[in-house]
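Once you know that position 28 of the sequence shown is 57 in the working numbering, the rest is easy, because the numbers rise by one and skip nothing.
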Amino acid sequence: RVQPNTYSSSLSLSPFTLPSGRYYEVVAILSLSTTSGLVNSSSTCYVFVSRAPLKAVLSPRGRATVPFQDSIVVNASRSFDMDVSARNIGYKATGHLLYEWNCVVLEENAAVVSCNEMFLFANSSLNQYFVEVVSNSSHVGALYLIELTVTSSIDDRVDRTSVEIFVEPDCC
Numbered sequence: 030r031v032q033p034n035t036y037s038s039s040l041s042l043s044p045f046t047l048p049s050g051r052y053y054e055v056v057a058i059l060s061l062s063t064t065s066g067l068v069n070s071s072s073t074c075y076v077f078v079s080r081a082p083l084k085a086v087l088s089p090r091g092r093a094t095v096p097f098q099d100s101i102v103v104n105a106s107r108s109f110d111m112d113v114s115a116r117n118i119g120y121k122a123t124g125h126l127l128y129e130w131n132c133v134v135l136e137e138n139a140a141v142v143s144c145n146e147m148f149l150f151a152n153s154s155l156n157q158y159f160v161e162v163v164s165n166s167s168h169v170g171a172l173y174l175i176e177l178t179v180t181s182s183i184d185d186r187v188d189r190t191s192v193e194i195f196v197e198p199d200c201c
C-alpha cells in the first residue's frame, strides 16, 4: 500500500519499488470540500509492471585470438537479471540463470575438425557460466563462433550473445 502526499495530483515511485511480472490496482480518490459538504470521487486503473530483459554478457567480447596449442576462457559470469539484482542489492543475480553454449565453424582450413573438440568438457550444454576453448593443430587458421544462450529458470526470458575465436597459426 502506497500513501502519496495528500495534496499531490500525481503518484511517482522509485524504480524497482514494485516487483515485476504482476498487475497492480491503483485507486485515486478525490475529496473536495464545498459549502454543501464533502464530495468524494474515485477512479481505478490497473498497471502491469513488466519484467526487464535478461542480459547475456561474454568476456572476451567481439573477437579474440587464441595462439596455437593454447587456450582461452570464455566467461559469462557477468550475465545478469536486472529484476533480481535490483531488488536484492549485493546479491549476485545469476542463481536462476541457465547457460547453454554452442560452437559454429565460420571459416575453416583443410584440417578443421568439429567444434566439439574445442571445449574442455564433453557436453557443451552443461549449465556452466564459462567454457575453456583449447586449440590444437586441427584448429589452426580457423574462425569459430562461440554462442551463449542465457535463459531464466523462473520464466521464459532469454538472451543471446556470441564471440568469434580465431586460432592463430604457430609462428617462427
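Where is the CB? At the ideal position from N, CA and C, for every residue including glycine. These numbers come from a predicted model, not from an experiment.
Boundaries of the beta strand (DSSP E) around I194: 187-197. DSSP places V95 inside the beta strand (DSSP E), whose first and last residues are 91-96. Residue ranges of uninterrupted beta strand (DSSP E) with 3 or more members, entirely inside the stretch 34-104 and ordered along the chain, are 51-63, 66-78, 91-96, 100-104. In chain order, A171, L172 place their CB closer than 7 Å to the CB of E136, counting only its own chain and leaving out the 5 sequence neighbours on each side. Assigned with DSSP and collapsed to three states, D184 falls in coil, not helix or strand. In the three-state reduction of the DSSP assignment, V113 falls in the helix class, which pools H, G and I.
When the Cα atoms are used, A81 and D112 turn out to be separated by approximately 6 Å. For the pair T180 and A85, the Cα-to-Cα distance works out to about 9 Å.
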